[in-house]
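So the sequence shown is numbered by the numbering used here: it starts at 59 and just counts up by one.
Positions of the beta carbon are idealized from the N, C-alpha and C atoms, including for glycine.
To start, the structure under review is shown below, and the notes come after it.
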Amino acid sequence: GDQTQDLIDGWFGVRWSIGSFNFSSMYFRRWADGSSPLAWDRYADNENFYQTVSFPLPLGASWEKWTFSVTAAYDNISQEIASMRYSVNYVKHCTTWHLWVRDNKAGDELTAGIFFYINAYPEYKIGVESETNSEATKKSF
Numbered sequence: 059g060d061q062t063q064d065l066i067d068g069w070f071g072v073r074w075s076i077g078s079f080n081f082s083s084m085y086f087r088r089w090a091d092g093s094s095p096l097a098w099d100r101y102a103d104n105e106n107f108y109q110t111v112s113f114p115l116p117l118g119a120s121w122e123k124w125t126f127s128v129t130a131a132y133d134n135i136s137q138e139i140a141s142m143r144y145s146v147n148y149v150k151h152c153t154t155w156h157l158w159v160r161d162n163k164a165g166d167e168l169t170a171g172i173f174f175y176i177n178a179y180p181e182y183k184i185g186v187e188s189e190t191n192s193e194a195t196k197k198s199f
């Protein structure tokens, strides 16, 4: 028979600062109904809480800005840390370099990437990132 899958995603988040530290908290929920005949296209129910902490690094000249961020994703269904993401941003004048590493605990895989973009057009990025084709990538948000 025809196998289809319906998804509903919902999220809620807040951001705040304490001094030079920036925080963001987000709750994400996915309801998945039905099935897909292809494993790579199959989604499951998902309920995660994300917490990010960012702070400036005391590096570079006055016109340069370095920022370090760490994000923990907690899987409320399996009740364990699903992933950790570490990133460094380097902003100089009107350009940004973004380096990130993500440790997906659920799938025991490590991915990384580096991107460059002009700050006025962040949707147009040039860069590379490691690829993954595992089921663990579909599990996390």
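- DSSP, read as helix, strand or coil, puts W121 in coil.
- In this structure F174 is in contact with W155, their Cβ atoms being roughly 5 Å apart against a cut-off of 8 Å.
- In this structure, I176 keeps its C-beta atom at 8 Å or more from the C-beta atom of V186.
- Under DSSP, W98 shares a beta bridge with no residue.
- Per DSSP, reduced to three states, the secondary structure at Y179 is coil, with no helix or strand assignment.
- Residue nearest to D103 within the set L96, M84, S136 is S136 (criterion: CA-CA distance).
- Pairing G118 with D99, the inter-Cα distance amounts to about 44 Å.
- According to the DSSP assignment, Q61 belongs to no beta strand (DSSP E), since it is labelled neither H nor E.
- Per the DSSP secondary-structure output, N106 pairs in a beta bridge with F86, D133.
- The secondary-structure analysis by DSSP pairs S78 with nothing; it has no beta-bridge partner.
- Here DSSP, grouped into helix, strand and coil, assigns G92 to strand.
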